[in-house]
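Asker: Be aware that the sequence shown starts at -13, since it is given in the numbering used here, and climbs by one per residue.
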Amino acid sequence: MGTFQIITDSTADLTPALIRDLDVQVIPLCYMMEGKTYHNIPGGGEMDEPAFYAKLRAGSVSTTTQVNSEEFLHVFTPLLEAGQDVLYIAFSSGLSGTCQSALLARKELKERFPDRKLEVFDSLCASMGEGLLVYHAAKLRQEGKSLEEVLSWLKENALRLCHWFTVDDLNHLKRGGRVSTATALVGTILGIKPVLHVDDEGHLIPVTKVRGRKQSLDALVKRMEDTVEDPAGQMVFISHGDCLDDARYVERQIREKLGVEQVEIGYIGPVIGAHSGPGTVALFFLGKER
């Protein structure tokens, strides 16, 4: 292992096994549901993912909050005091103010610990796209790369981290302002499924629409076919909103059509799932461009 700590947040949707194997620290973000505040702890914690999605399907609404700089001070300070350097890979600034809060904490701590390295990297990624970027950073650290070398790789490659999503229920995107009320209504009636991606500014953007669930899953695979580089030689992540069978369908397609060998499947956690809803499937890989 390298000599610096890699930290990310729970929006990276890394599985507990990956967190352990990569030796990374995850800051649990919070969400509210039915009058209670929960920490999004990977693997379930205060509410596991199936229970969360069951509540959404039953009509409960979940909202999220941003981490403030004090919480980052609480996480970063003990590590710096112990003589460790830190690389924090943050949730996209295009979707949250979390990264800005971390930068405020960094400014204060750099004055207090001038001899320590504390870097905040805006991933411009979400869900297991953020997680896949963390995966690559941790693998480089395992190879003995320095913090500076890992940070340089992130800067050069983050905009090659492709995110392709489809959702099953347009009403969650409507609540988040991603689609209009009229689009959600008509789309629901006609069975229209949007295909979305995260752009170079880290925003979630609708790209196209297809009719039917299977067609929307196939569209994710087609997008990967169009832009992927070396599919057989890279790790691919798939995340899902409590629809494992659909995630496995996408996995089979990319293995058969593209020769992908390494795939990790995980849940979309409650902080992202509050906005995307049950039935979301997302595909993440390195390509020529986003």
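Note that CB positions come from ideal geometry on N, CA and C, so glycine has one too.
Using DSSP's beta-bridge definition, name the partner residues of residue 26.
Answerer: 31
Asker: Terminal residues of the continuous beta strand (DSSP E) containing residue 196?
Answerer: 190 to 197
Asker: Work out the CA separation of residue 15 and residue 35 for me, nearest whole Å.
Answerer: 14 Å
Asker: Would DSSP call residue 271 helix, strand or coil?
Answerer: strand
Asker: Does the Cβ of residue 272 have 16 or more other Cβ atoms within 10 Å, making it buried, or fewer, making it exposed?
Answerer: Using a 10 angstroms sphere on the CB of residue 272, the tally of other CB atoms reaches 16 or more, which defines it as buried.
Asker: From residue 39 to residue 141, what distance separates their C-alpha atoms?
Answerer: 35 Å
Asker: The alpha helix (DSSP H) with residue 84 in it runs from where to where?
Answerer: 84 to 98
Asker: Considering just the uninterrupted stretch of the beta strand (DSSP E) at residue -5, what are its terminal residues?
Answerer: -10 to -5
Asker: Whole angstroms are fine: how far does the CA of residue 136 sit from the CA of residue 126?
Answerer: Cα-Cα distance, rounded: 6 Å.
Asker: So which of 222, 243, 266 has the shortest CA-CA distance to residue 146?
Answerer: 222
Asker: Confirm, please, whether the CB-CB distance from residue 149 to residue 183 is below 8 Å.
Answerer: yes
Asker: Please tell me whether residue 217 and residue 257 are closer than 8 Å, where the distance is taken between their beta carbons.
Answerer: no
Asker: Might you give, ordered along the chain, the residues of its own chain that have their beta carbon closer than 7 Å to the beta carbon of residue 89, omitting 5 neighbours on each side?
Answerer: 106
Asker: Alpha helix (DSSP H) containing residue 240: first to last residue?
Answerer: 230 to 244
Asker: Evaluate the contact criterion for the segment 6 to 13 versus the segment 258 to 270: three or more CB pairs, one atom per stretch, below 8 Å.
Answerer: no
Asker: Exposed or buried, residue 28, counting other C-beta atoms within 10 Å across all chains shown (16 or more means buried)?
Answerer: The C-beta of residue 28 has 16 or more other C-beta atoms within 10 Å across all chains shown, which makes the residue buried.
Asker: Compute the distance between the beta-carbons of residue -5 and residue 76, then report whether it is under 8 Å.
Answerer: Yes, the pair counts as a contact, with Cβ atoms nearer than the cut-off.
Asker: Go ahead and label residue 46 buried or exposed: buried means 16 or more other beta carbons lie within 10 angstroms of its beta carbon, across all protein chains shown.
Answerer: By the neighbour-count rule (16 or more Cβ atoms within 10 Å), residue 46 is not buried but exposed.
Asker: Counting along the chain, where does the beta strand (DSSP E) carrying residue 179 start and finish?
Answerer: 178 to 184
Asker: Assuming residue 85 contacts residue 108 (C-beta within less than 8 Å), just tell me the rounded distance between them.
Answerer: Yes, residue 85 and residue 108 are in contact; Cβ-Cβ is about 5 Å, under 8 Å.
Asker: Let me make sure I understand the geometry here. Which of -11, 178, -2 has the alpha-carbon closest to that of residue 253?
Answerer: -2
Asker: For residue 39, which residues does DSSP report across the bridge?
Answerer: Bridge partners of residue 39: none, in fact.
Asker: At what residues does the beta strand (DSSP E) containing residue 252 begin and finish?
Answerer: Looking at the DSSP string, the run of the beta strand (DSSP E) that includes residue 252 is 248 to 253.
Asker: Exposed or buried, which one is residue 233 when buried takes at least 16 other CB atoms within 10 Å?
Answerer: buried
Asker: Can you look up residue 211 in the DSSP assignment and give me helix, strand or coil?
Answerer: Note: residue 211 maps to helix in three-state DSSP.
Asker: Which residues bound the alpha helix (DSSP H) around residue 9?
Answerer: The continuous stretches of alpha helix (DSSP H) do not include residue 9, and DSSP gives it neither H nor E.
Asker: Count the other CB atoms, across all protein chains shown, that sit within 10 Å of the CB of residue 155; report buried if there are 16 or more and exposed otherwise.
Answerer: By the neighbour-count rule (16 or more Cβ atoms within 10 Å), residue 155 is buried.
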